[in-house]
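Novice:
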Amino acid sequence: MPLIKIETSIKLSDEKKMELVAKLSTIVSQATGKPEQYVMAAITDAQISMAGEIGPAAFIDVRSIGSINRQVNERISKEVKTLLEKDVNISGNRIYINFTDIPAGNWGWDGSTFG
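Now the structure itself:
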């Protein structure tokens, strides 16, 4: 049930996107302690202006049922920043991350909800 979704102004090849979503899925699974079989990771292209400038940037949305807390958020933030700086050349000061803890009854899956 954890989700990490990245919108980035960097145009990435399909191969690079697949490589990154696999790494992101592992980061979120390990940080939250949730089985990777429930993690969803996605990357989409976007036009982004940050600090009044067009350029390399990313907005990241992380959602989960539970496991969203300061320690987990800081770990994900650090690991994703490092990944994007290294693999995509986006500076950490051009990345925003939003963390949301979703009530189990508000997350649907397989024709039902988790709560």
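With the numbering used here applied, the sequence shown has no gaps in its numbers, which climb one by one up to 788 at the end.
Note that CB positions come from ideal geometry on N, CA and C, so glycine has one too.
Nothing here was measured: the structure is a model prediction, and the numbers come from that model.
If we count the other Cβ atoms within 10 Å of its Cβ and call it buried at 16 or more, is A731 buried or exposed?
Specialist: It counts as buried.
Novice: How about the stretch 711-718 and the stretch 741-757: do they share at least three Cβ pairs that are nearer than 8 angstroms?
Specialist: Counting Cβ pairs under 8 angstroms, fewer than three are found: no touch.
Novice: Can you tell me whether V694 is helix, strand or coil according to DSSP?
Specialist: Note: V694 maps to helix in three-state DSSP.
Novice: In terms of residues, what are the limits of the alpha helix (DSSP H) holding V761?
Specialist: Note, V761: alpha helix (DSSP H), R743 to V761.
Novice: Given that a residue counts as buried once 16 or more other Cβ atoms are within 10 Å of its Cβ, and exposed if not, what is A724?
Specialist: The residue in question, A724, is exposed, as its Cβ has fewer than 16 Cβ neighbours within 10 Å.
Novice: Taking a contact to mean a Cβ-Cβ separation below 8 angstroms, would you say K754 touches I768 in this structure?
Specialist: Against a cut-off of 8 angstroms, the Cβ pair of I768 and K754 comes out as a contact.
Novice: Considering only residues of the same chain and omitting the five flanking positions on each side of L697, which have a CB-CB separation below 6 angstroms?
Specialist: So the list reads I677 and A714, once near-sequence residues are dropped.
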